[in-house]
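Peer 1: Take this structure, written in structure tokens, and hold onto it; I'll ask about it next.
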Amino acid sequence: MDSINIAHLKDELGTLIDRLEAGEAVQITRNGQPFARVTPEAPPLPRRKPIDVDALEALAKSLPYDPTSARDLVRQMRDDSRY
């Protein structure tokens, strides 16, 4: 990561923007000390596919029903394994 002195930032704003567009992060310094870091915006996340409700319902109906409560399942897991 390269750096730009804050005193020269106004003169080099076009260069800074070009570097950000290229994906580069730039550190801004004041009196030789790091002052701020400018990073390019992350690309947007891809859109998710809509949920197929009919397929989800079909899957839920195809799974076997287990009347055991969550409390009993946790108790069974604790009893089966040693701490």
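Here this note's numbering is used: the first residue of the sequence shown is 25, the next is one more, and so on.
C-beta atoms are modelled at their ideal positions from N, C-alpha and C, and glycine is treated no differently.
Note that this is a predicted model, so its numbers are computed, not measured.
1) Quick check on this structure: which residue in I41, P64, L33 and E65 has the alpha carbon closest to the alpha carbon of R54?
2) State the beta-bridge partners of T53 as determined by DSSP.
3) Where does V50 land, buried or exposed, given buried means 16+ other C-beta within 10 angstroms?
4) What first and last residue would you give for the alpha helix (DSSP H) that runs through A84?
Peer 2: Walking through what the data contain:
1) Taking the first residue of the sequence shown as position 1, residue 54 is located at position 30. Per the Cα distances, L33.
2) Here residue 53 corresponds to residue number 29 of the sequence shown, with the count starting at 1. In the DSSP output, where bridge partners are listed per residue, T53 has N29 and P58.
3) As a first step, residue 50 must be located in the sequence shown, where it is residue number 26. Result: buried.
4) Counting from 1 along the sequence shown, the entry for residue 84 is found at position 60. Where A84 is concerned, the enclosing alpha helix (DSSP H) stretches over V77 to S86.
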